[in-house]
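Working notes, structure below.
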Amino acid sequence: MWPRLILSKSEGVHLSLINWSRYVVSKKYSTKLPEEPTSNSKNPDEPPSNLKSQEENKITDLLDNSASYNEAADTSWKTSPYPDGAILPSEQPKRPRQDPQETSIVLFPGQGTIKVGQVKDYLHFPRVTELFKVANDALGYDLLDICLNGPQEKLNRCEYNQPATTAISLAAIEKLREERPTSIEGCKTVAGYSIGEIPALVFAGGLSFEDGIRLAGVRGAAMQQACDLNKQAMISVFIKAGSSLKKICEPSIKYAEELGVADPICRVAIFVCPQTKIIAGHEEAIEYIEKNRRELRLIRVKRLPVSGAFHTALMEPAVDTFKKALSTVEINPLRLQVFSNVKGKPYLTPEEIKKLLVKQLTRPVRWEQILQHLYARPDGENFPRTFDVASNGSLKAMLTRVNLKAANSCITA
Numbered sequence: 001m002w003p004r005l006i007l008s009k010s011e012g013v014h015l016s017l018i019n020w021s022r023y024v025v026s027k028k029y030s031t032k033l034p035e036e037p038t039s040n041s042k043n044p045d046e047p048p049s050n051l052k053s054q055e056e057n058k059i060t061d062l063l064d065n066s067a068s069y070n071e072a073a074d075t076s077w078k079t080s081p082y083p084d085g086a087i088l089p090s091e092q093p094k095r096p097r098q099d100p101q102e103t104s105i106v107l108f109p110g111q112g113t114i115k116v117g118q119v120k121d122y123l124h125f126p127r128v129t130e131l132f133k134v135a136n137d138a139l140g141y142d143l144l145d146i147c148l149n150g151p152q153e154k155l156n157r158c159e160y161n162q163p164a165t166t167a168i169s170l171a172a173i174e175k176l177r178e179e180r181p182t183s184i185e186g187c188k189t190v191a192g193y194s195i196g197e198i199p200a201l202v203f204a205g206g207l208s209f210e211d212g213i214r215l216a217g218v219r220g221a222a223m224q225q226a227c228d229l230n231k232q233a234m235i236s237v238f239i240k241a242g243s244s245l246k247k248i249c250e251p252s253i254k255y256a257e258e259l260g261v262a263d264p265i266c267r268v269a270i271f272v273c274p275q276t277k278i279i280a281g282h283e284e285a286i287e288y289i290e291k292n293r294r295e296l297r298l299i300r301v302k303r304l305p306v307s308g309a310f311h312t313a314l315m316e317p318a319v320d321t322f323k324k325a326l327s328t329v330e331i332n333p334l335r336l337q338v339f340s341n342v343k344g345k346p347y348l349t350p351e352e353i354k355k356l357l358v359k360q361l362t363r364p365v366r367w368e369q370i371l372q373h374l375y376a377r378p379d380g381e382n383f384p385r386t387f388d389v390a391s392n393g394s395l396k397a398m399l400t401r402v403n404l405k406a407a408n409s410c411i412t413a
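The UniProt record's numbering numbers the first residue of the sequence shown as 1 and each following residue consecutively.
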């Protein structure tokens, strides 16, 4: 601040700010200041009045004749904080914004969507036949025969369904590659529902196909063994607004306990959309939900065609086997963004992929959160094309309940 000395005239002075660079002393007096002490003041530090007057005149003259930075006529003295030849931030070329409709998202299905004979839609594409040859060699049995001839009860078992889901999902990609090459070229992001994370990682370059199909086989076999330890089930529940998931699961657990089940499990396994959740646990607890739908304020319920309580603690026996299999494969850097079911956000590192793939066995799938993240857009902005591969439209149906506008740009492949 300026010295208090310049405000010491008996008539008083006023400071005002012009722009950012200088103060001007104005002689429009606002408030008269107290009289300064006379020369007889006993303060030894007080300068003589004639010296004060000279100092005030000098400061006033400097202020009256000062100039701001922008008013300087000679700019040769100016220096830049940037090195010679550097491109200033204001001169940086702006990256052209890509139209979302020129990009695509691919969604891969989970267990329970593949049907016997579905693979016939893809076998006339040359690379699909080779794909199943590699799968048969990696698994040690004829996966294609099971996919073609079933029976469905066999195909529904984890040890067959999970590698079948992986192979058929990637067969659908070959169909897209042939029929809609731009959909593959413009793909920026992929997400897989449960076991669908493995074909998603293969498509994104994180896993080789051989490693992906082998991991799916090991995962499925280990989970089937966990399923066979006790009776388990999964059920899709359509809840009313304001319904409490806790009030659904707690009485179900209590009912199972009364029937003699030790440490019964009943919890949300998959967050599908705001009004739909998938609950998994012991068979007795799931039966209670079926029988007491109205009392639990559920709109409707539907059993899933699976033989286990996936993404709950009942899959804990499968963890070590799958973890050992993962330790033998290399996770490559991803060429596309891949979403994690466990955290509902993209994977960041190969190490994180291995860690979260194991956790996914016993943790809930955050599919609703993934869709919210994928399709968050400002009002009026276009949505990317989405390709629902090999799910027979089930993934598009889920997307419809989360974001109808995004679903309108979704193509079932």
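The beta carbon of each residue, even a glycine, is placed where N, CA and C say it ideally should be. Keep in mind the model is a prediction, meaning the values are calculated, not measured.
So residue i packs on residue j, CB below 8 Å; how close in whole Å?
i    : j    : result
V301 : W367 : V301 to W367, Cβ: 18 Å. No contact.
V237 : I279 : 6 Å
F203 : L170 : 7 Å
I213 : P163 : 6 Å
V389 : I173 : 6 Å
A216 : A309 : With a Cβ gap of about 19 Å, A216 and A309 do not count as contacting.
Q101 : E159 : Actually they do not touch by this definition, with Cβ atoms about 41 Å apart.
G186 : T103 : 5 Å
E197 : L357 : 7 Å
A269 : P364 : 6 Å
R219 : F322 : 5 Å
L200 : V402 : In the sequence as displayed, the identity of residue 200 is Ala instead of Leu. Actually they are not in contact, since the Cβ atoms of A200 and V402 sit about 18 Å apart, beyond 8 Å.
V128 : G150 : So it is not a contact: roughly 19 Å between Cβ atoms.
I248 : T165 : Incorrect: roughly 28 Å between the Cβ atoms, too far for contact.
A413 : K175 : 6 Å
V329 : Q111 : Between Q111 and V329 the Cβ distance is about 21 Å, and since that is not below 8 Å, they are no contact.
E284 : L304 : Contact doesn't hold; Cβ gap of about 17 Å is too wide.
Using DSSP's beta-bridge definition, name the partner residues of residue i.
i    : result
A233 : G281
K302 : S236
F339 : P346
V134 : Answer is none; V134 lacks a bridge partner.
C365 : The question names Cys, yet the displayed sequence has Val at residue 365. In the DSSP output, where bridge partners are listed per residue, V365 has I270.
Going by DSSP, what residue range makes up the alpha helix (DSSP H) through residue i?
i    : result
R401 : 394 to 402
V329 : Unbroken run through V329: none, as it is neither H nor E.
D228 : Counting along the chain, D228 falls outside any alpha helix (DSSP H), and DSSP gives it neither H nor E.
Q152 : 152 to 155
D145 : 143 to 149
First and last residue of the beta strand (DSSP E) that includes residue i?
i    : result
T386 : 385 to 388
T165 : It is not in any beta strand (DSSP E) - T165 instead sits in the alpha helix (DSSP H) that spans 158 to 179.
I411 : 410 to 412
Cβ-heavy atom distance between residue i and the ligand HEM below 8 Å?
i    : result
L123 : As far as ligands go, the structure on display features none, and thus does not contain the ligand HEM.
query: Would you call the stretch 279 to 294 and the stretch 326 to 334 touching, i.e. three or more CB-CB distances under 8 Å?
result: Taking one beta carbon from each stretch, the stretch 279 to 294 and the stretch 326 to 334 have fewer than 3 pairs nearer than 8 Å; the two do not touch.
message: Give the list of continuous alpha helix (DSSP H) stretches no shorter than 4 residues that lie fully inside the stretch 184 to 225.
response: Whole alpha helix (DSSP H) segments, 4+ residues: 197 to 203.
query: What are the start and end residues of each continuous alpha helix (DSSP H) run of 4 or more residues lying completely inside the stretch 243 to 293, in chain order?
result: Runs of the alpha helix (DSSP H) inside the stretch 243 to 293: 245 to 258, 283 to 291.
Touching by the beta-carbon criterion (3+ pairs, under 8 Å), the stretch 369 to 378 and the stretch 140 to 158: The answer is no - the stretch 140 to 158 does not touch the stretch 369 to 378, with fewer than three Cβ pairs under 8 Å.
task: Evaluate the contact criterion for the stretch 98 to 116 versus the stretch 394 to 410: three or more CB pairs, one atom per stretch, below 8 Å.
output: Touching, yes.
message: When you compare the stretch 242 to 249 with the stretch 190 to 203, are there three or more beta-carbon pairs, one atom per stretch, that lie closer than 8 Å?
response: With fewer than three CB-CB distances shorter than 8 Å, the stretch 242 to 249 does not count as touching the stretch 190 to 203.
- request: For the stretch 101 to 132, list the beta strand (DSSP E) runs that are entirely contained and at least 3 residues long, ordered along the chain.
  value: Runs of the beta strand (DSSP E) spanning 3 or more residues and lying entirely within the stretch 101 to 132 occur at 104 to 108, in chain order.
query: Can at least three beta-carbon pairs, one atom from the stretch 243 to 260 and one from the stretch 315 to 324, be found at a separation below 8 Å?
result: Segment contact: the stretch 243 to 260 against the stretch 315 to 324, fewer than three CB-CB distances shorter than 8 Å; contact not assigned.
field: Validate contact between the stretch 376 to 395 and the stretch 342 to 351 using beta carbons, cut 8 Å, 3 pairs
entry: Judged by Cβ distances under 8 Å, the stretch 376 to 395 makes no contact with the stretch 342 to 351, as fewer than three pairs qualify.
- prompt: If we count Cβ pairs, one from each stretch, closer than 8 Å, do we get three or more for the stretch 341 to 348 versus the stretch 219 to 232?
  reply: Not touching, per the Cβ criterion.
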